[in-house]
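Note sheet for the following structure.
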Amino acid sequence: MSETGSSFSETGPYTLAIDGMGGDGGPEVVVAGLAIAADRHPSARILLVGDEATLSGLLARHPRAAAICTIRPANSAIPMDMKPTAALRVRDSSMRLAMDAVSQGEAQGVVSAGNSGAMLALAKIVVKTLPGITRPAMAAISPTTRGDVVMLDLGANVSCDWRNLVEFAIMGEAFAKAVLGLPAPTIGLLNVGSEELKGDERLRQAAEVLRNSSLARQFHGFVEGHDITAGTTDVVVTDGFTGNVALKTGEGALKMAFTLLRQVFTSSLLGRIGYLLVRPGLERMKEWLDPRRYNGAVFVGLNGVVVKSHGGTDAEGFAAAVDVAMDMVTHRFTDSIRERLGHMESLTAVKASDPSQTVPAS
Numbered sequence: 004m005s006e007t008g009s010s011f012s013e014t015g016p017y018t019l020a021i022d023g024m025g026g027d028g029g030p031e032v033v034v035a036g037l038a039i040a041a042d043r044h045p046s047a048r049i050l051l052v053g054d055e056a057t058l059s060g061l062l063a064r065h066p067r068a069a070a071i072c073t074i075r076p077a078n079s080a081i082p083m084d085m086k087p088t089a090a091l092r093v094r095d096s097s098m099r100l101a102m103d104a105v106s107q108g109e110a111q112g113v114v115s116a117g118n119s120g121a122m123l124a125l126a127k128i129v130v131k132t133l134p135g136i137t138r139p140a141m142a143a144i145s146p147t148t149r150g151d152v153v154m155l156d157l158g159a160n161v162s163c164d165w166r167n168l169v170e171f172a173i174m175g176e177a178f179a180k181a182v183l184g185l186p187a188p189t190i191g192l193l194n195v196g197s198e199e200l201k202g203d204e205r206l207r208q209a210a211e212v213l214r215n216s217s218l219a220r221q222f223h224g225f226v227e228g229h230d231i232t233a234g235t236t237d238v239v240v241t242d243g244f245t246g247n248v249a250l251k252t253g254e255g256a257l258k259m260a261f262t263l264l265r266q267v268f269t270s271s272l273l274g275r276i277g278y279l280l281v282r283p284g285l286e287r288m289k290e291w292l293d294p295r296r297y298n299g300a301v302f303v304g305l306n307g308v309v310v311k312s313h314g315g316t317d318a319e320g321f322a323a324a325v326d327v328a329m330d331m332v333t334h335r336f337t338d339s340i341r342e343r344l345g346h347m348e349s350l351t352a353v354k355a356s357d358p359s360q361t362v363p364a365s
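For any residue, its number in my numbering is found by taking its place in the sequence shown, counting from 1, and adding 3.
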């Protein structure tokens, strides 16, 4: 339904604002994903931003989505190849208006499958970072042999200092609580070794701060690359350069494994017979590792929930991104970060110029 003349839009703040025009699949994927999400979150109230005629037509074909959506017209959309600086100047885009809804308190979170760089730039300028956070980070969930792991940063900040890493640990811990439902998530700093003397000064200083903070009991220490998939900790903290390389390497290794399995099972008659025998187990593994289940990277450290869906995902994947945003809103993720920031002074009391100074336990 449209906002015009709709009492639905006057009953309180929207749960989420959705950029209806973002992503490779465009509005068709977004609305189909919202139809799936509507079954899981029937009480949600969605502000769907984009071309009114296009979105109205799609909602007419997806009554489940129509039941929870109100359309806000937008005159333009941010192309996937637009530079962030140019995107900031387009004030009537669907992505910008969705961000505005969060900034103005109309919605509690935003989801878009659009241009990543533009989304981060708009989030910083429009939604803004929380007081006490120097840089927002990109966090996401990945599968491990023990369950799921939260990783951050995954590319928002190529280089980081020790304070950034401490902030990422705080935000990652709150994210794991909200989305994974863990009461006391364990935290690891990604390093070239697990020994205390390994790594550069910023890693050692961040580790020292965390060991003497209110997160001390949850801080595992340094972890290595293999610890990510082993599920050694619930949260893995690193800079955006390393995190992005680790993420893309993991995705590549997974694709290679499935390619090799396909070759093994199709190369001979015995291979095809073997596939029939192990097919149920392979189907379960495929479902467990399905990237759509883990769709929805989150920009954490902002004055609202901001979730980035993969641009090339399908309706199931977009619905998963909506699930992540709903979990964060339901569990008061932003408020949890604000509460944690009350400890920020003690967490970051170590002076960068004096790495030997320690922090009293809070």
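Using N, Cα and C, we set each Cβ at its ideal position, and we do this for glycine too.
All figures in this text were calculated on a predicted structure; none of them were measured in a lab.
Just the Cα atoms here: how many angstroms apart are residue i and residue j?
i	j	result
Ala-124	Phe-171	19 Å
Gly-307	Thr-269	49 Å
Leu-279	Leu-285	10 Å
Phe-254	Asn-247	Here residue 254 is Glu; the residue named in the question, Phe, does not match the sequence. The alpha-carbon atoms of Glu-254 and Asn-247 are separated by roughly 11 Å.
Ser-9	Arg-166	For Ser-9, the predicted structure reports a pLDDT of 36, less than 50, and the residue's modelled location is therefore unreliable. The matter cannot be settled from this model.
Leu-193	His-313	25 Å
Gly-23	Val-309	15 Å
Asp-230	Thr-333	30 Å
Gly-60	Val-34	10 Å
What residue range is occupied by the uninterrupted beta strand (DSSP E) comprising residue i?
i	result
Ser-145	140-147
Leu-264	Counting along the chain, Leu-264 falls outside any beta strand (DSSP E), though it belongs to the alpha helix (DSSP H) covering 243-269.
His-223	222-226
Ile-340	Ile-340 -> not in any beta strand (DSSP E); alpha helix (DSSP H) instead, spanning 336-343.
Taking C-beta to C-beta, are residue i and residue j nearer than 7 Å?
i	j	result
Met-329	His-44	yes
Thr-236	Gly-299	no
Ala-101	Val-113	yes
Ile-39	Ala-322	yes
Ala-126	Leu-344	no
Ile-144	Asn-118	no
Ala-140	Val-327	no
Ala-181	Met-83	no
Glu-109	Pro-30	no
Going by DSSP, which residues form a beta bridge with residue i?
i	result
Cys-72	Ile-49
Tyr-17	Ala-110
Ile-190	Phe-222 and Val-238
Gly-150	Thr-147
Ser-79	Ser-96
Thr-132	Leu-305
Lys-389	The question about residue 389 has no answer, for the chain in this structure spans 4 to 365.
Asp-22	Val-52
Take the Cβ of residue i as the centre, count every other Cβ of all protein chains shown within 10 Å, and call the residue buried at 16 or more, exposed below.
i	result
Thr-241	buried
Ala-68	buried
Gln-208	buried
Gly-184	exposed
Gln-107	exposed
Ser-162	exposed
Gly-26	buried
Ile-276	exposed
How far does the alpha helix (DSSP H) with residue i in it reach, from first residue to last?
i	result
Gly-112	First-last for Gly-112: 112-115, but that is the beta strand (DSSP E), not the alpha helix (DSSP H).
Gly-234	Note, Gly-234: premise wrong, no alpha helix (DSSP H); not H, not E.
Ala-35	29-43
Arg-325	In the sequence as displayed, the identity of residue 325 is Val instead of Arg. Taken as a continuous stretch (DSSP letters only), the alpha helix (DSSP H) holding Val-325 covers 318-333.
Ser-59	55-64
Gly-175	165-178
Thr-88	87-90
Ala-209	204-214
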